[in-house]
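Structure, as structure tokens:
Numbering (the numbering used here), first residue to last: -18 to 113.
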């Protein structure tokens, strides 16, 4: 099974939205924010442009573009703790994960990229040039 999310940093933490269970501003916390910060820095260093969000493609199946995998260390009703192979950091994923995947995956393969966003003013300016 596959999952695609775009995480954005708020003033307090990383969050994401997803159509599953009408998820809005789901916090990525309890160590997960540290791993995302680490990947945000790594991805931005290899990217020509620095974005203000980071996209994650996660799969329970190994895929060629995966840059890392996380492996389950322990799980209970309040969430699951994984270790990331590349950063060697622990992260916590809430029970939302089990609701999405239908189980707590033992391994999740991951790719991530920065996402550049533009303001409405920038978009208006671009559209103005297009329609001239």
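Ideal Cβ positions, reconstructed from N, Cα and C, are used throughout, including at glycine.
Given a length threshold of 4 residues, each whole run of the alpha helix (DSSP H) inside the segment 10 to 64 is given here in chain order: 13 to 26. Taken through DSSP and simplified to helix, strand or coil, residue 67 comes out as coil. The beta carbon of residue 46 sits closer than 7 Å to the beta carbons of 92 from its chain, once the five residues preceding and following it are set aside; these are given in chain order. When C-alpha distances from residue -17 are compared across 5, 61, 96 and 78, the shortest belongs to 78.
Per the C-alpha coordinates, the member of 49, 33 and 14 positioned closest to residue 95 is 33.
If the five residues before and after residue -10 are omitted, its C-beta is found closer than 7 Å to no C-beta atom of its own chain.
Closest by C-alpha distance to residue 80, out of 11, 1, 37 and -6, is 1.
For residue 85, there is no enclosing beta strand (DSSP E), as DSSP marks it with neither H nor E. Nearest Cα to residue 15 within the set 69, 83 and 89: 69.
Annotation for residue 1: no beta strand (DSSP E) segment contains it, and DSSP assigns it neither H nor E. Sorting 22, 43, 8 and 88 by C-alpha distance to the C-alpha of residue -8 places 8 at the top. A check of alpha carbon separations from residue 13 across 82, 5, 23 and -6 identifies -6 as the nearest.
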